[in-house]
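Read the structure below first, then the notes.
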Amino acid sequence: MDRDTYAKNFAKRRESELDGQFRWMPRMYRAAASRLEKLEKQAERQFPRVFDRLDQARDAAGDSIPTWCWLPVAQVQQVLADHYPHRTTRAPGATGSGLAALAASDAARLQAIGAWRAAGRHMINIHDRTVLELRKAGDRMPADLPPRWPLQGLYVVSEAPNGALGAFLHLEWDEREQRAELRIAPDVAPTAALDRIPVQPLHLEGGTVTEAARRTVLTLQAGVDAVLGTETIPDISPGSAVDEAARMIAEKNAFWVAAADWLASDRVTPFDAAVMAGAEPAADWPPAKAPSTGRAPMLWLAGPAG
85 MDRDTYAKNF AKRRESELDG QFRWMPRMYR AAASRLEKLE KQAERQFPRV FDRLDQARDA
145 AGDSIPTWCW LPVAQVQQVL ADHYPHRTTR APGATGSGLA ALAASDAARL QAIGAWRAAG
205 RHMINIHDRT VLELRKAGDR MPADLPPRWP LQGLYVVSEA PNGALGAFLH LEWDEREQRA
265 ELRIAPDVAP TAALDRIPVQ PLHLEGGTVT EAARRTVLTL QAGVDAVLGT ETIPDISPGS
325 AVDEAARMIA EKNAFWVAAA DWLASDRVTP FDAAVMAGAE PAADWPPAKA PSTGRAPMLW
385 LAGPAG
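Counted from 1, the sequence shown has number 192 at position 108 by this note's numbering; the numbering is strictly sequential.
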């Protein structure tokens, strides 16, 4: 599919050509594509040429990074420190550790968007029936996700009253700890805003989402101690602050964990949504590589296999 002309398949004038039950699709595509374009432009305005520099860092890293990880967040932070030391997101009165936390947040957001870009700007809409099933999927943590992960970065998109909302899903490789993480970055602000995208890491270990969240909370606390030069002896007993934080994170993100697991399984069949709008030929999933031209996102409709 020619990505330079892909978006024309979802132009407003084409809506009347679709069966009524599918007219939501081009509206969702246009809204999501607009959000994503705004996020990319905001990132490039705050950090000029940042994605070029990050792609160069990924090329330089080569086989030292697993293929399923685009670029570890520590390396993204290093690029920001080397080239954009005065462009970190600021907050009134923030100094020292506060600025370090803001820089880490900037790096995490750029990693999410960069992985999605590098993979080819793919959006996936999950069938409503499957969404309901995934919401009841339970607490299992798929530690085997990395070798099954189809693309370095995905954007799961849904209809919304204002057009579309979504979430970036990608995998992180912690080089220092030699640990894989799933990273979830919801893009749900009323208006697309780079600084309003939170990024939730979850260790791919522990058996359950709750245990993965608990280990993640403890690691984050250890990181804070390292920055501040403090030493915290965490209370992990039932009802403790760590336990409550882990349960809250698990409840908030269990659906996204289940969605990532499903999207990386053989239980899903994504197909090129442009086919519904009359485009030919259909693209194959998963795409072999990112296109060298064209910025238009590609939309896939994901339903149960078979």
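All C-beta atoms in this analysis are idealised placements derived from N, C-alpha and C, irrespective of residue type, glycine included.
Beta-carbon spacing of residue i, residue j below 7 Å
i           : j           : result
residue 196 : residue 283 : yes
residue 238 : residue 253 : yes
residue 378 : residue 88  : yes
residue 366 : residue 356 : yes
Expected contact under 8 Å - CB spacing of residue i and residue j to nearest Å
i           : j           : result
residue 131 : residue 171 : 6 Å
residue 339 : residue 263 : With a Cβ gap of about 23 Å, residue 339 and residue 263 do not count as contacting.
residue 304 : residue 326 : At roughly 10 Å, the Cβ-Cβ gap does not stay under 8 Å, so residue 304 and residue 326 are not in contact.
residue 156 : residue 257 : 5 Å
residue 202 : residue 154 : 5 Å
residue 322 : residue 117 : No, residue 322 and residue 117 are not in contact; Cβ-Cβ is about 46 Å, not under 8 Å.
C-alpha gap between residue i and residue j, whole angstroms
i           : j           : result
residue 373 : residue 344 : 20 Å
residue 187 : residue 138 : 15 Å
residue 376 : residue 200 : 14 Å
residue 279 : residue 198 : 15 Å
residue 213 : residue 144 : 43 Å
residue 240 : residue 346 : 12 Å
Other residues of its chain near residue i: CB distance less than 8 Å, five sequence neighbours each side excluded
i           : result
residue 223 : 292, 293, 294, 334, 338
residue 211 : 385, 386, 387, 388
residue 128 : 134, 135
Same chain only: Cβ atoms within 7 Å of residue i, ignoring 5 sequence neighbours per side
i           : result
residue 299 : 287, 289, 290
residue 119 : 248, 271, 276
residue 233 : 152, 255, 348
residue 27  : This structure does not reach residue 27, given that the chain is present from 85 up to 390, and the question cannot be answered.
residue 274 : 246
residue 259 : 156, 158
Element boundaries [alpha helix (DSSP H), containing residue i]
i           : result
residue 113 : 108–130
residue 209 : No alpha helix (DSSP H) holds residue 209; the beta strand (DSSP E) holding it covers 206–210.
residue 138 : 134–145
residue 159 : 157–167
The beta strand (DSSP E) enclosing residue i, as first and last residue numbers
i           : result
residue 256 : 247–258
residue 391 : For residue 391 there is no data in the structure shown, the boundaries of the chain being 85 and 390.
residue 347 : It is not in any beta strand (DSSP E) - residue 347 instead sits in the alpha helix (DSSP H) that spans 325–347.
residue 365 : Where residue 365 is concerned, there is no enclosing beta strand (DSSP E), given that its DSSP letter is neither H nor E.
Neighbourhood of residue i by C-beta, 6 Å cutoff - its chain only, sequence neighbours within 5 removed
i           : result
residue 115 : 247, 248
residue 103 : none
residue 336 : none
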